[in-house]
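Visitor: One structure, as structure tokens, below. Some questions next.
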Amino acid sequence: MKGQQTHNLKMLQWSFREIKEGQLWPVALALVLIIASVFALSALANRLEQVVVTQGKQALTADSVFVSSNQLPQDLTTLTQQRSLDTSNYTRFSTMAFSDQGMQLVMVKAIESNYPLQGEMVLVGDEGAQSNIKPGELWLDERLFAQLNTEVGQTLSIGNADFTVSGRIAEEPGMSFNPFQQMPTVFIHQQDVDKTGAIQMGSRVQYRLFINGDAAAIDALKSEIELQPSDRWCDENSGSRTNEVFTQTQQYLSLSVAIVVLMAATTLVLTCQHYVSTRRTTIAMLKSLGATKHWLQRWLVTQVALLFVTSAVVGSLIGVGLEFLLRIPLVDLLPDPLPSYGIYPFVLAIGTSVVIALPALSIPLMGLLNVSAANVMQAQQVTGSSKKSLWLIALPIAALGFAYGYNQMVWMVLFGVVTLFAVLAVCGVLINRLLAKAPVGVSMKLALSRINRSPVATGFQFGALGLSLMLIATIWLIRTDLLSDWQQTLPENAPNAFALNIADYEQQQYLNVLDENNIERSEAFPIIRGRLTKVNDEPAKQVDGAEEKTDALRRELNFTWANTLPEYNETLEGNWTQTNGVSVESEVAQALGLKIGDKLEFSIASQTYTAEVNTIRAVEWREMKPNFYFIFTPDVLANFPASYLVSFRLDDTHNDLISKLSRDFPTVSLMDIRRMGDKIRDLLANIVLSITVLAGLSGVAGLLLIFTLLRLNLSQRQQEVRLYRTLGASRKRISTTIWAEYGIMALTASLVASLGAEIVVASIMKFGFELDPQIHIWLWLLLPVVAFCTLFLVVNSLINKLLIPINKAFS
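Here's what the structure looks like:
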């Protein structure tokens, strides 16, 4: 028994030494990358899924909800009363909140005392917690106490109305977070809406009616209510913008992780193949000394088990940290506390690594067991059971199909990766064929001859090296370009404040204050909310592919009218008229296939208006000036009540004036873009951090693959180089040729990768972010340096062994 334990301990020690001093450490690194990447993605995806499920079940706070941008129809109210359905009214709008110490744009949610019909609301004041609101009460988001420097019991103004702060909102019913609502929330009672004076024509207002009742009764109610363009029903299965963001986030993360896993798996396969090629003589020698096949199996299994255990522990720990970093850009979308991801990510990560590693390790290792003891004297071709294990290749293929079968983006990119691999391989081979015709030295000519001798093997090496370098460069360039170029999207003197919800009777007085203080401003535009409903008497939503190309059909828009078009909009087609006309933004016109003279129908406050397209305009939305999808001639909408919008530019000397202006016009909503700058910078910093993490992860995987490829290629040259030395070639000649060969390989691959990265990034920036692409000179200098440094580490670690003459190698 003691002898067996000693034997097992020695085998364990030998296995550790084999991993440490042998060729298996890249396998461990590849496994760690796979486990960490899959763990981080699955943990984050698991949390997002739980949030989405919670949103679907709890966000409604009722069995069904009627949502509209107009006042609730009387027919709906009457029918719900006749059928004894439980209902609760809700109105949401934005306005200014004022304390003695400050002001803040807030989102007001006006609710009734029976709200919510489902779920729980917790309001905490001096008298403890309560779950319903009463007339005259005001409850604040936690953030507002600091932003307005106020406390419970103090007076706060909401629009024209004064309230005493009742307490803080501890828990909202349903979803307590909304990534698209950056304004803090306040709760008031439905009866107090009118006295705020904040709802004007053109204001962004949403009305809801929450309904509880039998499913059949609610279905019958829906069938009797004719929906207007701004009306919709929401139920548990209704999608949301939050869900879309989560889905897109998971797709992008899946894509990044798929690329990392692909490179790590390739490293795994190549490294294991290399390990097998270097251990055939060792296995043959052990067999010649009496080692049985069973003992060799135990020895190899022990090494693999040690690799998996170590990789699982290290990979899981790194995965926890990676999930935290990837979650940072989503911090405003996720609730607090977060749902736990449980043990599932760990099981999935380990399972994925096993599925990938099983064929990558088992096939070559099972073949290694068939090496004959005669290999000590003469190398022989290994055959046998390794061919029987080829069915294991089906495991990762099936797993890939199961994991990404639904994700078209991943398959498209993987297809693009394969295509790029082939293109980079061909480019590398062609460049070196051209270099071979140039007048070069003897060492360089020998190096080029060696490279061009095997075009298929050379193409594979160039493709793998070039693709790895290009992926690293592409992710890094996107990161740096997004960080630097976003600031260039705003003109230097762009407006940095917007005043909206200006009533018609106070418009001129408000503008006079701005003009008297020499504040540069735009003209004041009347604002009316509405929807485009028909194009040439056909429903606009039925235009082929229009909803996917533009969001102008999916929501209410700001409409305006004017005697002339804004001078900062370029007219592309047509001529401005004074009657029955509408000017259309060019992207909407393209999405809907509009042309001059087309008849458009609009729904505004449940009324229908028509106009003919007289011009098509190019709009630069990033100029931060008042811009619109549709601008009407005055005769179409001039008699319709509207509120006004104006933009202007502030500096620090205007702070006191703006504070006074806001208090003198309490119902006017002021959006100070300067205050949003910090939020934008924080958001960009988080996005850049996430991209940096992915870039670093891809960089490690790419460099590991490059290192493995170069090391494998050098090791395959071992016998050839030793033969040259035995035949009398000088050490200097061979060394110079090797350095020339791999120098050419690194230079060619890095230059091809730089060109590929420039093309890919330019396309992404131009068509994905609408930013002007630029040439990155530093990339063409830095990428060859990265390739040369990696090459130096590999060649320098093996060149001394390669230069040993063959007679000394076996002495």
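Read in the numbering used here, the sequence shown has 698 at position 698, and its numbers run on one by one without any break.
We put the CB at the ideal spot given by N, CA and C, even for glycine.
Quick caveat, the model's predicted, so the values are computed rather than measured.
1) Grab the span of the beta strand (DSSP E) containing Q607 for me, first residue to last.
2) If you draw a straight line from the alpha carbon of C234 to that of L76, how long is it in whole angstroms?
3) In whole angstroms, what separates the C-alpha of L435 from that of I34?
4) For Y341, count the other beta carbons within 10 Å of its own beta carbon; 16 or more makes it buried, fewer makes it exposed. Which is it?
5) Can A473 and L791 be called in contact, C-beta distance under 8 Å?
6) I'd like to know whether the C-beta atoms of P116 and P173 end up nearer to each other than 8 Å.
7) Out of F525, E520, I519, which has the shortest C-alpha to C-alpha gap to A503?
8) Can you list, in chain order, the residues of its chain whose CB lies under 7 Å from that of L317, leaving out five sequence neighbours each side?
9) If you follow the beta strand (DSSP E) that W233 is part of, which residue opens it and which one closes it?
10) What are the start and end residues of each continuous alpha helix (DSSP H) run of 4 or more residues lying completely inside the segment 269-314, in chain order?
11) Taking the alpha-carbon of S68 as reference, which of D537, S230, F602, A762 has the nearest alpha-carbon?
12) With distances taken between CB atoms, is the gap from L268 to N496 smaller than 8 Å?
13) Alpha carbon to alpha carbon, how far is I283 from I363?
14) List the endpoints of the continuous alpha helix (DSSP H) containing K445.
15) Excluding the 5 residues preceding and the 5 following L565 in the sequence, name in chain order all residues of the same chain whose CB lies nearer than 8 Å to its CB.
16) Using C-beta distances below 6 Å, list every residue in its chain close to A740, excluding the 5 sequence neighbours before and after it, in chain order.
17) Output yes if chain D places a C-beta closer than 8 Å to the C-beta of A45; else output no.
18) Looking at the structure shown, is R622 part of a helix, part of a strand, or coil, going by DSSP?
19) Out of curiosity, what's the CA-to-CA distance linking F308 and R280?
20) If we ignore side chains and look at the alpha-carbon of each, how far apart do R531 and F602 end up?
21) So, is N569 buried or exposed, given that buried needs 16 or more other C-beta atoms within 10 angstroms?
22) Name the one or two DSSP bridge partners that R97 has.
23) One question on the structure: do L31 and G315 come within less than 8 Å of each other, judged by their Cβ atoms?
24) Of the residues E142, A146, E573, V193, which one's Cα is nearest the Cα of F163?
25) If you draw a straight line from the alpha carbon of D635 to that of T579, how long is it in whole angstroms?
26) For the 8 Å Cβ check, are there 3 or more pairs between the segment 218-225 and the segment 97-104?
27) Out of E567, E585, S797, N563, which has the shortest C-alpha to C-alpha gap to E573?
28) Can you tell me where the beta strand (DSSP E) holding S64 begins and where it ends?
29) Quick one: what's T560 bridged to in DSSP?
30) Apart from the five residues on each side of it in sequence, which residues of its chain come closer than 8 Å, Cβ to Cβ, to G239?
31) If you compare alpha carbons, which of G463, Q774, T419 is closest to I431?
32) With C-beta atoms as the reference, is L637 less than 8 Å away from I527?
33) Alpha carbon to alpha carbon, how far is L793 from T292?
34) Looking at Q147: is its Cβ nearer than 8 Å to the Cβ of P184?
35) Below 8 Å, how does it come out for the segment 206-222 and the segment 88-98: are there three or more Cβ pairs, yes or no?
36) If you compare alpha carbons, which of S647, I328, I604, L420 is closest to E520?
Guide: This is what the structure gives:
1) In this chain, the beta strand (DSSP E) harbouring Q607 covers 607-618.
2) C234 and L76: Cα-Cα distance of roughly 15 Å.
3) Each residue's alpha carbon lies about 39 Å from the other.
4) With at least 16 other beta carbons inside 10 angstroms of its own, Y341 counts as buried.
5) No, they are not a contact pair.
6) Yes, they are a contact pair.
7) For the set F525, E520, I519, the Cα lying nearest the Cα of A503 is the one of F525.
8) Cβ within range, chain order: n/a, list empty.
9) First-last of the beta strand (DSSP E) with W233: 232-234.
10) Qualifying alpha helix (DSSP H) stretches: none in this window.
11) Nearest option by C-alpha distance: S230.
12) Cβ distance not < 8 Å, so L268 and N496 don't count as in contact.
13) Cα to Cα, the separation comes out at about 16 Å.
14) If you look at K445, you'll find it in the alpha helix (DSSP H) that goes 442-453.
15) For L565, where only same-chain residues beyond five positions count, the Cβ hits under 8 Å are T571, W576, S583, T615, R617, I631.
16) Setting aside the 5 residues that flank it on each side, A740 is surrounded in the same chain by S443, M444, A447, each with a C-beta closer than 6 Å to its C-beta; the list follows chain order.
17) Note that chain D does not occur in the displayed structure, where there is just one protein chain.
18) Of the three classes helix, strand and coil, the one that applies to R622 here is helix, per DSSP.
19) Separation of F308 and R280 (C-alpha to C-alpha, rounded to the nearest whole angstrom) is 23 Å.
20) Each residue's alpha carbon lies about 6 Å from the other.
21) With 16 or more Cβ atoms within 10 Å of its Cβ, N569 is classed as buried.
22) It is Ala, not Arg, that sits at residue 97 in the sequence shown. For A97, the pairing in a beta bridge is given by DSSP as Q104, I158.
23) G315 sits close to L31, with the two beta carbons spaced by under 8 Å.
24) With distances taken between Cα atoms, F163 lies closest to V193.
25) So the alpha carbons of these two residues sit roughly 6 Å apart.
26) Taking 8 Å as the limit for Cβ pairs, the verdict is that the segment 97-104 does not touch the segment 218-225.
27) Distance check between E573 and each of E567, E585, S797, N563 places E585 closest, using alpha-carbon atoms only.
28) Per DSSP, S64 belongs to the beta strand (DSSP E) from 64-68.
29) Answer by DSSP bridge pairing, in chain order: I631.
30) With a pLDDT of 48 at G239, under the threshold of 50, the modelled position of that residue is not reliable, and the figure given next carries that caveat. Counting only Cβ-Cβ distances below 8 Å, and skipping sequence neighbours, we find nothing.
31) Checking every option, the nearest Cα to that of I431 belongs to G463.
32) I527 sits away from L637, with the two beta carbons spaced by 8 Å or more.
33) Using only the alpha carbons, I get a separation of about 38 Å.
34) Going by C-beta atoms, Q147 is nearer than 8 Å to P184.
35) They touch, by the three-pair rule.
36) Selection S647, I328, I604, L420 evaluated against E520 yields S647 as nearest (Cα-Cα).
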